[in-house]
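Numbering of the sequence shown is given in full-length UniProt numbering, commencing with residue 1 and proceeding in unit increments.
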Amino acid sequence: MSGPLVGVVLVSHSAQVATAVADLAAGLTGGGGDVPVAPAGGGPDGGLGTSSDLIAAAARSVDRGAGVAVLADLGSAVLTVKALLADDELPSGARLVDAPFLEGAVAAVVTASTGADLDAVAAAAADAYTYRKT
């Protein structure tokens, strides 16, 4: 692969959920690359909730210059990410991706592992809304 990979941040109200989804997505890349993926879960006190500080730190940790796709699980997580983007507190090129949390995370990380750009990573994650199980 040439060039940096798109980073992925997974924002959940639960630290355990964010970490488990990050581990699952990274494990499904098939060795396609070391995608920078970081969980940002739980509130500032370690309980349920969201933390702007955790989200910003996670985004900085995965930023390699190719963009950062941010996926969030529920309403206030989305609002927190939107506020961080509006206040320019996330790396340049960070983007909130409208996608289902688990399936979108897997699609984003697997696509990023191929060296795809941020637009392709975001599109793959968003396309996960169309995955049918029946």
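We put the beta carbon where it would ideally sit given N, CA and C, even for glycine.
Contacting residues, own chain, Cβ-Cβ under 6 Å from residue i (five flanking each side not counted)
{"i": "S2", "result": "none"}
{"i": "L10", "result": "A18, V21, A22, P39, L71, A105"}
Beta-bridge partners of residue i, as assigned by DSSP
{"i": "P4", "result": "Its beta-bridge partners do not exist; DSSP assigns none."}
{"i": "L71", "result": "L10"}
Same chain only: Cβ atoms within 8 Å of residue i, ignoring 5 sequence neighbours per side
{"i": "A120", "result": "T111"}
Proximity to residue i [Cα-Cα], best of the options
{"i": "A94", "options": "G67, T80, A123, G115", "result": "G67"}
{"i": "L79", "options": "S14, S51, E103, G46", "result": "S51"}
{"i": "A59", "options": "G43, D45, P91, A77", "result": "P91"}
{"i": "L118", "options": "V97, T134, E103", "result": "V97"}
{"i": "S76", "options": "A105, G43, S61, A107", "result": "G43"}
{"i": "G47", "options": "V9, V109, S14, V106", "result": "S14"}
Coil, strand or helix - residue i by DSSP
{"i": "D110", "result": "Position check: residue 110 holds Val in this sequence, whereas Asp was assumed. V110: helix per DSSP, three-state reduction."}
{"i": "G41", "result": "strand"}
Where residue i falls, given that 16 or more other Cβ within 10 Å makes a residue buried
{"i": "S12", "result": "buried"}
{"i": "G65", "result": "exposed"}
{"i": "G104", "result": "buried"}
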